[in-house]
Each structure stands twice: as C-alpha cells, then as structure tokens.
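Have a look at the structure below, then the notes.
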DNA sequence: TTGTAAGCGTTATCAT
DNA sequence: ATGATAACGCTTACAA
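Residue numbers (our numbering), protein chains in the order written: chain A, 1 to 329; chain B, 330 to 658.
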C-alpha cells in the first residue's frame with residue numbers, strides 16, 4: 001500500500017492541498033464541517049502528513065533531547081534514570097518527544113560531542129535539557145545557544161544563571177556533616193569518586209570543629225569502590241565512626257563490606273549516602289541519604305522547557321537538598 | 330547570525346549545491362580535494378545541512394524509538410532502565426539516536442497510542458524496539474508493520490516470531506521452583522503483581538510434588554506490596570518457608586518486612602526475586618534472583634535493529650533465564 | 001568530476 | 001472559506 005501524499009489525498013477527496021493542511025493545523029479559517037470530513041477521510045484512506053516535509057516547511061521540531069555525562073561506566077545509571085523519569089512524566093501528553101543523549105567523558109567524548117553538535121545545529125532538536133557535570137556539558141550549552149534552541153541545564157554550571165534547575169551539593173553535604181557533629185560522632189570519613197569538590201567542601205564546613213579529623217578516600221563511583229573504601233578505612237583508620245558517601249551505590253558497597261567484617265551500622269559507623277535513589281530504602285539498614293529530589297528536578301526542568309517552548313520566560317529554579325533519615329545514621 | 334542554506338553556502342564558496350551535497354554524502358563521485366575544501370569551509374562559515382530537508386528529500390530517519398508499557402506507576406522503572414542501558418550501548422557510535430516512548434496502560438493508553446501511531450506513520454522513526462507486555466505493545470507492532478518500519482520486539486508476543494529477542498519467564502520461574510524442592514523447602518508461596526501467568530505456571534511446574542502447597546499472593550508490583558505480602562503470609566500461612574517474588578522490588582519489600590518481624594532469611598524463609606536488577610546485590614542478604622539479563626537483551630535488540638537497518642536479515646533470538654545465587658536463598 | 005534543475009511533501013501567502 | 005502556487009533546503013538524475 002503506497003503512501004498517500006497531500007496532493008494525491010486532496011485530489012481524491014476533492015479539496016485543495018491548502019485545505020487539507022488547514023484541517024490538520026489549528027489555524028482557524030476552515031469550515032468545521034469540511035474539517036471533520038477531511039479528518040474522517042484521512043482515517044479511512046490512511047493519510048498521514050509527512051513529518052519531515054512539515055518540519056521543513058515551517059521550521060520546528062517537537063523533540064527534546066536529554067543530554068547527560070556517562071559517569072557510572074558499566075552499571076545502570078540510577079542517577080540519570082530518576083531524572084529521566086521526572087522529565088518523562090512532565091512531557092507526557094505535551095506532544096514533546098524525548099530523546100536520550102548520553103555522552104562519554106574523556107576519550108571518545110569529542111566524537112560524540114561533534115555528532116550531537118551537528119545534529120542540533122542541523123535542526124534536529126526543538127529543545128535541550130543538559131545535565132551539568134563535565135566539560136562536555138558546557139560545550140553542549142554553547143551548541144544550544146549557537147543553534148538558538150531553548151535549553152535548561154540541570155545542576156550547577158559556572159556562567160550559566162538564566163536557564164537552570166540547580167541544586168547545591170555542598171549544601172547537602174553540610175547537612176550531613178552537621179548531623180554527624182550533632183549526634184556526637186568524632187572521626188568522620190568522606191568517600192568520593194570523581195567530580196565532587198563541592199561535596200567534600202560542604203561536608204568539611206558542616207563538620208566544623210571535627211573537620212580536622214576528616215579522612216578522605218577517593219576510589220571510583222561504584223559498589224565495589226564503596227566496599228574497598230571500608231576495608232581500607234578499617235585497616236588504616238579503625239577509629240572512623242561516621243561516613244559520608246558521594247552516592248548511594250558507594251554507600252551500599254560500604255555497608256555490605258562493613259557487615260561482612262562484623263561492624264554494625266549505625267552503631268559502630270553511621271553512614272549517609274548521596275542522591276537518595278529509590279533503592280536506598282530497600283537496603284538493610286535502610287540508607288539515610290542526602291536527597292537531591294532527582295525526580296522532582298527532572299520534572300521541573302521539563303516544565304521549564306515547556307514554558308520556553310510556549311514562548312514564555314522562565315526564572316532559574318533552585319532545589320534545596322534535604323537529609324532523609326532512615327536507619328543507617 | 331543567520332543560518333546558511335546550501336544555496337547561499339555553495340555560492341559563497343563557488344561551487345554548486347550538488348557538489349556541496351556530495352561532499353557530505355559518501356556518494357563517491359567527488360574530487361577528494363574539493364570535498365576537503367568544502368568540509369573545511371563549512372566549518373569556517375558554520376554551514377550545517379538542514380536535517381528535515383535532508384530527510385524529506387531522501388526518505389529516512391536515523392531515530393530509533395524504544396516503546397515500553399508503564400507498569401511500575403510512580404517509582405523509577407528499573408526494569409526498563411536496564412534494557413535502555415543495553416540499547417544505548419549498542420547504539421552508541423552507530424549514528425542512530427534513541428527516543429524513549431513510555432505508554433501508560435489502561436485509561437489514557439488510547440490517546441498516547443494514537444499519538445505514537447501518527448508519529449510513526451508520518452515517518453518520524455527509522456526503527457522501533459517494542460517491549461512486550463500489554464495490549465498496546467501488540468498495537469504498536471501493527472503500526473510498525475503498517476509504516477514499514479523495521480522493528481524488534483523484546484519479550485514474548487503471540488503471533489510474533491520473526492523479529493524478537495525473547496525470554497521465557499516460565500522457564501526462569503521453573504528454575505526457582507526446582508531449587509526450592511532440591512533444598513528441601515516444603516511450603517512455597519508466590520508473590521506476584523499483574524501480568525505474570527507464565528511465571529506462576531512455571532513456578533508451579535518447578536515445584537513438582539510440593540506444588541499443591543503453593544500459596545499465591547497478588548497485590549501490586551511495588552516495594553510496599555512485597556511488605557504487605559509478608560505480613561499477610563505471616564498471619565495466614567506461617568508455615569511458609571520459601572517465596573518467589575515476581576520482581577526484585579517486591580522481594581526487597583518482602584525481605585524488609587520479614588526482618589522487621591524478626592524472621593531470618595534465608596533460614597526461616599528463602600526468597601528469590603525476579604529480573605536480577607543490579608541493586609539485588611546491594612541488599613542484605615544479597616538477593617538471589619532469576620536473571621533476565623536485561624542489559625544483554627537490550628543490547629541484542631539494538632544490534633538486531635542495526636542489522637535490519639543495514640538491510641540484513643535477522644533470526645529471532647532467545648535468551649535463557651539463569652538463577653543467580655546470592656544469600657537470600 | 002561538476003553543474004543544472006526537477007523533485008521531495010508540506011505550509012503560508014495571496015487571490016478569489 | 002477555499003484554491004493556486006511559491007517557498008522551505010536538500011538530494012539526485014541528467015547534462016556537460
């Protein structure tokens with residue numbers, strides 16, 4: 001069954017192409033009866049306006065791209081997943097489709113970036129949501145500006161103050177530090193992967209008077225690194241009695257290793273994770289965590305995009321971190 | 330800075346539009362020197378071929394859509410997330426972009442479905458990956474056929490034998506049943522959400538001689554439902570000594586409630602989850618689970634799509650379930 | 001190897 | 001309210 005184009009379709013049903021076009025574009029100026037007739041016939045004959053011709057003729061794209069740095073390596077990226085869910089629920093029923101654009105850090109970054117750049121500049125996307133956190137994110141913002149595509153960045157990006165949904169990792173970490181002090185802990189440790197200077201600093205601030213006791217362990221971002229961190233701490237800093245992990249997966253690994261060695265949590269060591277991914281409550285003990293409200297952030301970012309797409313202006317949004325207390329601290 | 334089109338660009342650099350086009354489309358017939366010159370100038374002047382005009386002129390779309398039923402309701406859908414990761418890693422560097430298309434079950438399904446239908450039939454997608462599991466999935470396959478878009482379905486769909494990457498939930502559940510029998514368990518329970526007749530049946534088969542002792546609890550698919558299931562079982566079937574949960578999140582809820590009530594796992598009750606999501610190993614006790622190898626499945630599906638897009642034929646793929654032993658059973 | 005020009009299927013402008 | 005037709009920006013015969 002060959003596909004009908006507007007010319008064939010319109011001539012079959014006996015109207016002009018312009019009328020057919022009007023029937024499908026809420027442009028007013030058309031008899032309601034004619035409109036209904038055309039819509040009905042289209043269903044019958046299987047006519048569908050070609051989307052490329054449409055986009056070409058009146059420049060637009062109803063596709064939003066979600067760009068994010070690939071940090072976690074092999075494992076499923078729960079962090080992005082939660083953001084994506086939020087974005088999707090906001091976009092659902094808006095008519096905007098979501099495309100996901102992970103980009104690797106370091107090595108292959110350039111190639112991917114160039115691909116995305118070309119794609120965006122060629123008009124492929126109608127909007128961009130960019131998750132901050134790497135040099136490439138910054139480049140992508142430049143691309144968005146260059147292509148004059150509405151965009152919103154998630155997270156903190158220096159120089160970008162207008163189109164953002166941001167949060168302050170430092171503030172979240174401070175909360176954790178203060179909590180440890182308040183609950184009488186004495187020997188804190190921080191377990192971090194890459195890219196979290198702000199978390200470290202915030203933690204230090206929150207720790208206040210006991211900040212000079214802080215031990216820092218930097219491995220990777222994965223489960224296994226959390227476990228490694230515990231073992232190393234146990235060997236070199238057995239006095240450690242509280243730990244902030246840069247993400248919940250690290251915290252899970254840390255707890256696992258602690259339990260295997262016979263340490264009890266939170267009695268021997270209190271642990272707080274970061275991100276508050278939804279599996280945090282599944283753990284035993286249920287993980288206390290600095291919540292970034294990722295789902296909410298995704299939702300907000302997408303709503304901002306929708307506003308921009310409607311031609312409205314937006315104001316930057318800041319989402320406060322919150323310490324969620326469960327059983328691990 | 331106004332955007333250049335091919336006409337302007339070509340006239341500025343003194344060649345024809347055709348030559349510019351050739352420079353960007355590996356069609357041969359062009360002097361390598363000219364080509365390099367054009368590419369260079371394009372970079373300098375910021376010329377980018379309009380993607381819509383391109384797709385219009387020679388029908389194509391380098392976008393693949395991942396369609397999946399929205400089952401989990403509010404919470405992040407870890408199941409799909411792992412598939413998506415696999416798909417993405419296969420697509421990366423292929424030049425194919427990924428669009429994600431969740432569709433709600435029941436109520437609003439029709440609207441969403443119609444939107445997607447229109448989109449696909451209008452030529453928006455170059456390929457479709459469809460996760461089976463609802464009536465809408467079946468409709469989407471029809472759409473793919475109608476639009477003559479290459480597609481692959483993930484999971485079991487009756488009537489669809491050609492373009493699939495499938496697995497057999499029943500087989501996986503059988504494994505669990507057999508294991509429980511082999512390890513001397515006597516009073517099995519099954520905790521399921523929706524849509525899992527096959528799991529139930531397979532489990533029953535695997536249970537063999539103790540299958541007549543099976544208790545079935547059907548609540549929802551979420552964490553809380555797993556916890557509820559434990560409490561109900563404890564009240565009504567205290568003899569229960571082994572449980573298969575229809576997914577890992579249910580299992581996590583079940584375990585949590587069991588621990589709170591003082592039951593030990595796996596001594597008092599052995600529990601096996603389903604899907605083997607990556608957080609399974611974070612739990613305490615680490616969750617034994619029927620692995621669907623979701624990441625691998627996503628990878629395979631995307632590879633099949635790539636083959637189809639290259640004009641090659643494919644043969645259906647079947648992925649065997651595997652029981653992953655950890656500490657909960 | 002390169003240029004000319006006819007599509008590709010819409011939307012938008014201008015008549016009617 | 002509807003119809004004719006000129007863009008929209010590219011690809012691809014066909015000619016040179």
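C-beta atoms are modelled at their ideal positions from N, C-alpha and C, and glycine is treated no differently.
Computed from a prediction, not measured in an experiment: that's the story for all the values here.
Return the first residue and the last residue of the alpha helix (DSSP H) that residue i is part of.
{"i": "residue 57(A)", "result": "51-57"}
{"i": "residue 642(B)", "result": "Premise fails: residue 642(B) is in no alpha helix (DSSP H) and is neither H nor E."}
{"i": "residue 466(B)", "result": "464-476"}
{"i": "residue 509(B)", "result": "498-511"}
{"i": "residue 577(B)", "result": "577-589"}
{"i": "residue 190(A)", "result": "Here residue 190(A) belongs to no alpha helix (DSSP H); instead the beta strand (DSSP E) covers 188-192."}
{"i": "residue 322(A)", "result": "Element bounds for residue 322(A): not the alpha helix (DSSP H) but the beta strand (DSSP E), 322-324."}
{"i": "residue 11(A)", "result": "6-13"}
Report the neighbours of residue i on chain A: residues whose CB is nearer than 8 Å to its CB, in chain order.
{"i": "residue 431(B)", "result": "88 and 92"}
{"i": "residue 451(B)", "result": "48, 49, 50, 51 and 54"}
Determine, using beta carbons only, whether residue i comes closer than 8 Å to chain A.
{"i": "residue 593(B)", "result": "no"}
{"i": "residue 585(B)", "result": "yes"}
{"i": "residue 469(B)", "result": "no"}
Taking residue i as the query, report the chain A residues whose CB atoms sit under 9 Å from its CB, ordered along the chain.
{"i": "residue 500(B)", "result": "Neighbours of residue 500(B) on chain A: none; closest Cβ ~24 Å, over 9 Å."}
What residues from chain A crowd round residue i, counting only those whose CB sits closer than 7 Å?
{"i": "residue 608(B)", "result": "279 and 282"}
{"i": "residue 581(B)", "result": "282"}
Looking at the C-beta of residue i, does it have a partner C-beta in chain B at a distance below 8 Å?
{"i": "residue 301(A)", "result": "no"}
{"i": "residue 98(A)", "result": "yes"}
Would you mind telling me which residues of chain B sit closer than 9 Å to residue i, beta carbon to beta carbon, in chain order?
{"i": "residue 240(A)", "result": "Within 9 Å Cβ-Cβ: nothing; residue 240(A) doesn't reach chain B, min ~20 Å."}
For residue i, return the contacting residues in chain B, with the cut-off set at a CB-CB distance below 7 Å.
{"i": "residue 204(A)", "result": "Near residue 204(A) there are no residues of chain B at all, since even the closest Cβ is about 28 Å away, more than 7 Å."}
{"i": "residue 118(A)", "result": "377"}
In terms of residue numbering, what span does the beta strand (DSSP E) encompassing residue i cover?
{"i": "residue 480(B)", "result": "480-483"}
{"i": "residue 409(B)", "result": "Residue 409(B) -> not in any beta strand (DSSP E); alpha helix (DSSP H) instead, spanning 407-420."}
{"i": "residue 393(B)", "result": "392-399"}
{"i": "residue 603(B)", "result": "599-604"}
{"i": "residue 489(B)", "result": "Segment: none, residue 489(B) is in no beta strand (DSSP E) and carries neither H nor E."}
{"i": "residue 131(A)", "result": "127-131"}
{"i": "residue 111(A)", "result": "Looking at the DSSP string, residue 111(A) is not in any beta strand (DSSP E); the run it does join, the alpha helix (DSSP H), is 109-121."}
{"i": "residue 614(B)", "result": "Note, residue 614(B): premise wrong, no beta strand (DSSP E); not H, not E."}
{"i": "residue 431(B)", "result": "426-433"}
Taking 7 Å as the cut-off, does the CB of residue i come closer than this to any heavy atom belonging to the ligand MG?
{"i": "residue 335(B)", "result": "Of ligands this structure carries none, so the ligand MG is not represented either."}
By the 8 Å beta-carbon criterion, what residues does the stretch 611-626 of chain B contribute toward chain A?
Cβ contacts with chain A come from 611, 612, 613, 615 and 624.
Listed in chain order, which residues of the stretch 221-237 of chain A have Cβ atoms closer than 7 Å to some Cβ of chain B?
223: these are the residues of the stretch 221-237 of chain A whose beta carbon lies less than 7 Å from some beta carbon of chain B, given in chain order.
Looking at chain A, which residues of the stretch 634-656 of chain B have a Cβ within less than 8 Å of any of its Cβ atoms?
Listed by position, the residues of the stretch 634-656 of chain B near chain A (Cβ gap below 8 Å) amount to none.
Please go through the stretch 537-577 of chain B and give each complete beta strand (DSSP E) segment of 3 or more residues, from N-terminal end onward.
Uninterrupted beta strand (DSSP E) stretches at least 3 residues long and entirely within the stretch 537-577 of chain B occur at 544-547 and 571-574, given in chain order.
Report the residue ranges of all alpha helix (DSSP H) runs contained in full by the stretch 21-45 of chain A; include only those spanning at least 4 residues, in chain order.
With a minimum length of 4 residues, the continuous alpha helix (DSSP H) runs that stay inside the stretch 21-45 of chain A are 32-45.
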